[in-house]
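Q: The structure that follows is given in the form of structure tokens.
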Amino acid sequence: METTVHAHGLRQDVKMDGTPTMSQDPVKAGDSFKYEWSFPDPGVYWYHPHIREDYQQGSGMYGAIIVEPKTTDYWPAVDDDQALILADALTDENGLLVPFKDEADHTLMGRYGNLMLINGKTNWQAEVKANTVQRFYIANASSARPYRFALDGVKLKTVGSDNGRVGNERFVDAVTLSPGERYIIDAVFDKTGSVAIKNNAPGVMTTIGTIKVTENATPSPLVASYSSLRTNKDVSDEIASLSSKVAVSKRLSLDMTMDMGSMSGSMSGGHMMPDGSMMGGGTTSTHMMPDGTMMDSNGNTVDPETAGIEWTDTGMSATGVKWKITDQETNKSNNDVKWTFNKGDVVRITIKNDANSMHPMQHPIHIHGQRFVIVSKNGKANTSVEWKDTITIPSGQTYELLVVMDNPGQWMLHCHIAEHLETGMATSFEVKN
Numbered sequence: 105m106e107t108t109v110h111a112h113g114l115r116q117d118v119k120m121d122g123t124p125t126m127s128q129d130p131v132k133a134g135d136s137f138k139y140e141w142s143f144p145d146p147g148v149y150w151y152h153p154h155i156r157e158d159y160q161q162g163s164g165m166y167g168a169i170i171v172e173p174k175t176t177d178y179w180p181a182v183d184d185d186q187a188l189i190l191a192d193a194l195t196d197e198n199g200l201l202v203p204f205k206d207e208a209d210h211t212l213m214g215r216y217g218n219l220m221l222i223n224g225k226t227n228w229q230a231e232v233k234a235n236t237v238q239r240f241y242i243a244n245a246s247s248a249r250p251y252r253f254a255l256d257g258v259k260l261k262t263v264g265s266d267n268g269r270v271g272n273e274r275f276v277d278a279v280t281l282s283p284g285e286r287y288i289i290d291a292v293f294d295k296t297g298s299v300a301i302k303n304n305a306p307g308v309m310t311t312i313g314t315i316k317v318t319e320n321a322t323p324s325p326l327v328a329s330y331s332s333l334r335t336n337k338d339v340s341d342e343i344a345s346l347s348s349k350v351a352v353s354k355r356l357s358l359d360m361t362m363d364m365g366s367m368s369g370s371m372s373g374g375h376m377m378p379d380g381s382m383m384g385g386g387t388t389s390t391h392m393m394p395d396g397t398m399m400d401s402n403g404n405t406v407d408p409e410t411a412g413i414e415w416t417d418t419g420m421s422a423t424g425v426k427w428k429i430t431d432q433e434t435n436k437s438n439n440d441v442k443w444t445f446n447k448g449d450v451v452r453i454t455i456k457n458d459a460n461s462m463h464p465m466q467h468p469i470h471i472h473g474q475r476f477v478i479v480s481k482n483g484k485a486n487t488s489v490e491w492k493d494t495i496t497i498p499s500g501q502t503y504e505l506l507v508v509m510d511n512p513g514q515w516m517l518h519c520h521i522a523e524h525l526e527t528g529m530a531t532s533f534e535v536k537n
């Protein structure tokens with residue numbers, strides 16, 4: 105099988121991006137290609153194939169890249185660190201991978217595995233000393249599954265996101281990672297014993313690993329400063345300056361088409377009507393109230409961190425599924441969308457995930473070669489100040505991004521659910537030098 109390797113999140117030479125036909129020719133079986141990567145931003149990145157990503161990545165072809173900062177004070181000091189790559193695998197009763205289909209147009213949601221993995225293992229285990237500060241570089245390498253990462257009973261400090269440190273560190277109970285997304289978190293374990301690593305997603309709440317916390321006769325002096333939250337003014341000032349520099353505005357919508365009458369499986373008791381609408385099941389749509397709270401279609405308040413996301417597989421499939429990214433100005437979709445920008449342009453991209461889609465669900469959007477910030481979610485200002493290259497747009501929600509086009513070349517913008525990408529859910533844009 106042909107392949108390429110994409111270093112996800114790296115802002116580097118386009119010739120090393122690993123995008124087939126766009127930045128390089130596919131590497132044929134028996135041939136070789138030498139990648140030379142550059143690393144401009146500290147943080148956690150990862151690599152994976154970009155041809156039949158569903159098949160190759162789903163078979164375990166991925167790995168983490170940790171980029172160390174040039175200065176020792178870039179991150180808060182910690183006692184130890186380690187990388188955690190979240191993924192899943194779909195296996196049969198014999199523990200073997202379920203064969204992949206010749207085409208990826210059969211699945212609505214993407215391929216969810218029955219096994220949840222950390223660093224390629226079920227029930228991954230680690231050992232740390234009590235009263236030390238630990239850092240975890242976390243990446244989601246799943247084909248489709250979003251994770252709600254948590255350490256049972258332990259507060260998490262978010263210090264970094266996709267492309268380096270955040271502008272405002274914060275304490276959280278859990279972090280949501282869509283496929284392709286990364287976070288850097290610190291934690292202190294103040295009690296000995298076992299701490300469960302959990303996927304704390306609604307309807308899932310699964311233990312995916314364990315951390316054994318051992319006795320420590322000499323607590324780390326770093327614990328004393330752990331409770332303070334840093335503000336990284338260089339990050340927040342740079343991001344704050346972007347709004348006044350917007351050169352171009354674009355609008356995208358996310359939707360799908362499929363062969364009518366071809367759906368099989370069930371969706372929470374739902375079924376498809378002749379006009380393609382879903383009745384009695386599917387993703388519960390959400391909308392924002394004037395006070396900023398999220399409500400579902402039944403009038404219930406929902407957590408904005410988990411609203412509009414399908415955390416488990418509905419088991420539905422069809423034939424001829426085609427997911428679309430549509431330019432709302434030209435009505436062109438996927439590869440017919442070809443934008444051109446000048447180097448240095450700050451581009452406002454508004455992405456609407458249509459709640460009235462034939463199958464409303466979240467889409468993790470990844471932009472190659474550049475970085476962006478989230479300005480607003482459903483018209484409400486975003487308070488998390490951080491550089492991103494991947495973000496989940498939940499069903500029924502609209503996100504406004506500011507993308508800094510400072511890396512010349514022809515690049516891809518696509519959904520990072522592998523099966524959606526393989527059915528064409530991708531556009532291209534060029535940044536001219």
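In the numbering used here, the protein residues as written are 105 to 537. Ideal placement from N, C-alpha and C gives every residue a C-beta, glycine not left out.
Taking the beta carbon of S142 as the centre, do at least 16 other beta carbons fall within 10 Å, making it buried, or is it exposed?
A: Looking up residue 142 in the sequence shown gives position 38. The residue in question, S142, is exposed, as its Cβ has fewer than 16 Cβ neighbours within 10 Å.
Q: If I follow the unbroken alpha helix (DSSP H) through D341, where does it start and stop?
A: Residue numbering aside, residue 341 sits at position 237 when the sequence shown is read from its first letter. Unbroken alpha helix (DSSP H) run through D341: 337 to 344.
Q: When the cut-off is 8 Å and only beta carbons count, does D121 lie next to chain B?
A: Among the chains in the structure shown there is no chain B, since it carries only a single protein chain.
Q: Check S247 in the structure and name its three-state DSSP category.
A: Position 143 of the sequence shown, counting from 1, holds the residue named residue 247. In this structure, S247 counts as coil in the three-state DSSP scheme.
Q: So which of T454, Q432, D359, P464 has the shortest CA-CA distance to A411?
A: Locating residue 411 in the sequence shown gives position 307, where the first residue counts as 1. Here the closest residue by C-alpha is P464.
Q: So what does DSSP say about H110, is it helix, strand or coil?
A: Position 6 of the sequence shown holds residue 110. Of the three classes helix, strand and coil, the one that applies to H110 here is strand, per DSSP.
Q: Please confirm whether D449 and V352 have their CB atoms less than 8 Å apart.
A: For the purposes of this step, residue 449 is taken as the residue at position 345 of the sequence shown. For the purposes of this step, residue 352 is taken as the residue at position 248 of the sequence shown. For D449 and V352, yes; Cβs fall inside 8 Å.
Q: When the Cα atoms are used, what is the spatial distance from V339 to T311?
A: One-based indexing of the sequence shown puts residue 339 at position 235. One-based indexing of the sequence shown puts residue 311 at position 207. For V339 and T311, the distance between alpha carbons rounds to 35 Å.
Q: Near V171, which residues of its chain fall below 6 Å by C-beta distance, leaving aside the five closest residues on each side in sequence?
A: For the purposes of this step, residue 171 is identified with residue 67 of the sequence shown, where counting begins at 1. Counting only Cβ-Cβ distances below 6 Å, and skipping sequence neighbours, we find F143, P146, G147.
Q: Return the CA-CA distance between P378 and T361, expressed in angstroms with no decimal places.
A: Counted from its first residue, the sequence shown places residue 378 at position 274. Counted from its first residue, the sequence shown places residue 361 at position 257. Residue confidence for P378 is low, a pLDDT of 34 falling below 50, so the modelled location carries little weight; the figure read from the coordinates is stated next. So the alpha carbons of these two residues sit roughly 14 Å apart.
Q: According to DSSP, is K259 part of a helix, a strand, or is it coil?
A: For the purposes of this step, residue 259 is taken as residue 155 along the sequence shown, with counting starting at 1. DSSP places K259 in coil when its eight states are reduced to three.
Q: Do W538 and D177 have their CB atoms nearer than 8 Å?
A: Look at the range of the chain in this structure, 105 to 537, and you will see that residue 538 is not part of it.
Q: Between the alpha carbons of D256 and V477, how many angstroms are there, rounded?
A: In the sequence shown, residue 256 corresponds to position 152, counting from 1. In the sequence shown, residue 477 corresponds to position 373, counting from 1. Each residue's Cα considered, the two are about 30 Å apart.
Q: Leaving aside the five residues before and after G307 along the sequence, list all residues of the same chain whose C-beta is less than 7 Å from its C-beta, in chain order.
A: For the purposes of this step, residue 307 is taken as the residue at position 203 of the sequence shown. Cβ neighbours of G307 beyond the five flanking positions: W415, T416.
Q: Between which two residues does the beta strand (DSSP E) holding G271 run?
A: For the purposes of this step, residue 271 is identified with residue 167 of the sequence shown, where counting begins at 1. Its beta strand (DSSP E) spans residues 268 to 276.
Q: Quick one: Cα of G385 to Cα of A459, how far?
A: Here the question's residue 385 lines up with position 281 in the sequence shown. Here the question's residue 459 lines up with position 355 in the sequence shown. Its pLDDT being 36, under 50, G385 is placed unreliably in this model, and the coordinates cannot settle the point.
Q: Could you tell me how far apart the beta carbons of G113 and H154 are, in whole angstroms, since I believe they sit closer than 8 Å?
A: Within the sequence shown, numbered from 1, the residue matching residue 113 stands at position 9. Within the sequence shown, numbered from 1, the residue matching residue 154 stands at position 50. The pair is not a contact, with the Cβ atoms about 13 Å apart (cut-off 8 Å).
Q: Tell me the start and end of each unbroken beta strand (DSSP E) in the region 280 to 338 that is at least 3 residues and wholly inside, in chain order.
A: Here the runs fully enclosed are 286 to 292, 297 to 303, 310 to 318.
Q: Pull the bridge partners of Q229 from the DSSP assignment, please.
A: Along the sequence shown, one-based indexing puts residue 229 at 125. T314, per the DSSP bridge assignment.
Q: Tell me the rounded alpha-carbon separation between A485 and A291.
A: Within the sequence shown, residue 485 is the residue found at index 381, counting from 1. Within the sequence shown, residue 291 is the residue found at index 187, counting from 1. Going from the Cα of A485 to the Cα of A291 covers about 28 Å.
Q: To test your reading of the DSSP string, which unbroken beta strand (DSSP E) runs of 3 or more residues are found completely within the region 123 to 193?
A: For the region 123 to 193, whole beta strand (DSSP E) runs of length 3 or above, ordered along the chain, are 147 to 153, 167 to 171, 184 to 193.
Q: Look at F204 and Y166 and say whether their C-beta atoms are less than 8 Å apart.
A: Taking the first residue of the sequence shown as 1, we reach residue 204 at position 100. Taking the first residue of the sequence shown as 1, we reach residue 166 at position 62. Going by C-beta atoms, F204 is not nearer than 8 Å to Y166.
Q: Taking just the CA atoms, how far does T226 sit from T487?
A: In the sequence shown, the residue the question calls residue 487 occupies position 383. In the sequence shown, the residue the question calls residue 226 occupies position 122. Spanning the two alpha carbons is a distance of roughly 35 Å.
Q: So if DSSP puts E490 in a beta bridge, which residue, or which two residues, is it bridged to?
A: As a working note, residue 490 is residue 386 in the sequence shown. DSSP lists no partner for E490.
Q: For the putative contact between M126 and S532, defined by C-beta atoms under 8 Å, what is the C-beta separation to the nearest angstrom?
A: Working through the sequence shown from its first residue, we reach residue 126 at position 22. Working through the sequence shown from its first residue, we reach residue 532 at position 428. With a Cβ gap of about 7 Å, M126 and S532 count as contacting.
Q: Rank S298, K233, A187, P250 by C-alpha distance to the C-alpha of E288 and give the top, closest one.
A: As a first step, residue 288 is located in the sequence shown; it is residue number 184 there, counting from the start. Per the sequence presented here, residue 288 reads as Ile, with Glu not at that position. The option with the nearest alpha carbon to I288 is A187.
Q: Does DSSP classify N438 as helix, strand or coil?
A: For this step, residue 438 is matched to residue 334 along the sequence shown. Here N438 sits in helix by DSSP.
Q: Judging by CA-CA distance, which residue of K536, L506, I471 is the nearest neighbour of L525?
A: Counted from its first residue, the sequence shown places residue 525 at position 421. Looking at the Cα atoms, I471 is the closest of the given residues.
Q: With DSSP as the reference, identify every bridge partner of E504, one or two as the case may be.
A: As a position in the sequence shown, residue 504 is number 400, starting the count at 1. Looking at the DSSP assignment, E504 forms a beta bridge with T454, S480.
Q: Just to confirm my understanding: we take K79, look at its own chain, exclude 5 residues before and 5 after, and list those with CB closer than 7 Å. What are they?
A: Nothing about residue 79 can be read from this structure; the chain reaches only from 105 to 537.
Q: Indicate the three-state DSSP secondary structure (helix, strand or coil) for M120 in the structure shown.
A: Within the sequence shown, residue 120 is the residue found at index 16, counting from 1. If DSSP states are grouped into helix, strand and coil, M120 belongs with the helices.
Q: Looking only at its chain, what residues have a beta carbon closer than 7 Å to the beta carbon of V202, apart from the 5 residues adjacent to it on each side?
A: In the sequence shown, the residue the question calls residue 202 occupies position 98. L194, T195, D196.
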